[in-house]
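Novice: At position 95 of the sequence shown the residue is numbered 95 (the UniProt record's numbering), and the sequence of numbers has no breaks.
Here it is, the structure, as C-alpha cells.
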Amino acid sequence: MEPVMDILDEHDMKGMFIVMDNCRIHHSRFVADTINNRGYKPLFMPPYSPFLNLIEECWSKIKKNIRRNPLDKVDHLTPRIAEACNLITKSDCRGWIRHAETYWERCLQKEKGLK
C-alpha cells in the first residue's frame, strides 16, 4: 500500500481514492488510517464484483499458465509465477479494463445479480 501511495505522491494525486476489494484486511482501522493519514481516501468495490477487479483477471491468466504445465518434483512455484507474469501483455490489461468498463454503468445503477 505504501509503495502505491509513494507513486501517487510523485504525481501530486493527494485526495484521490484508493480502490480496494472487500478482503477483510482492507477493512481494518490500520488500513483506513494509513490511507487517510497520507491524504488519500479508501473506497471499496461492490461486494461480489470480481468483474471489476482487474487483479483477479490477471491472477486468472497467471494460474491458467501455471496449470497448463503442472509442476514436477524439481520445479519451484515462485519462478513459475514469475514466468507466467511475464506473459501478461499490455493488450491483456487493456482487455481487462474494457471488460470492467462494460459493468460500470450497471454497477452505478445498483443492478442486482451482475456476473
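Glycine included, each C-beta is placed from N, C-alpha and C at the ideal position.
Apply the 10 Å Cβ neighbour rule to E57 and answer buried if 16 or more other Cβ atoms are within range, or exposed otherwise.
Specialist: The residue labelled residue 57 in the question sits at position 57 within the sequence shown. Buried, because 16 or more other Cβ atoms sit within 10 Å of the Cβ of E57.
Novice: Quick one, which of T89, Q109 and N65 has its alpha-carbon nearest P79's?
Specialist: Mapped onto the sequence shown, residue 79 falls at position 79. Comparing Cα positions, the closest option is N65.
Novice: Who are the Cβ neighbours of L54 in its own chain at under 8 Å, not counting the five residues just before and after it?
Specialist: Within the sequence shown, the letter at position 54 stands for residue 54. The residues are C93, W96, I97 and A100.
Novice: Per DSSP, which one or two residues make a beta bridge with P42?
Specialist: Taking the first residue of the sequence shown as position 1, residue 42 is located at position 42. In the DSSP output, where bridge partners are listed per residue, P42 has I18.
Novice: Does the count of Cβ pairs from the region 21-41 and the region 1-13 closer than 8 Å reach three?
Specialist: Flag = yes, the region 21-41 and the region 1-13 touch.
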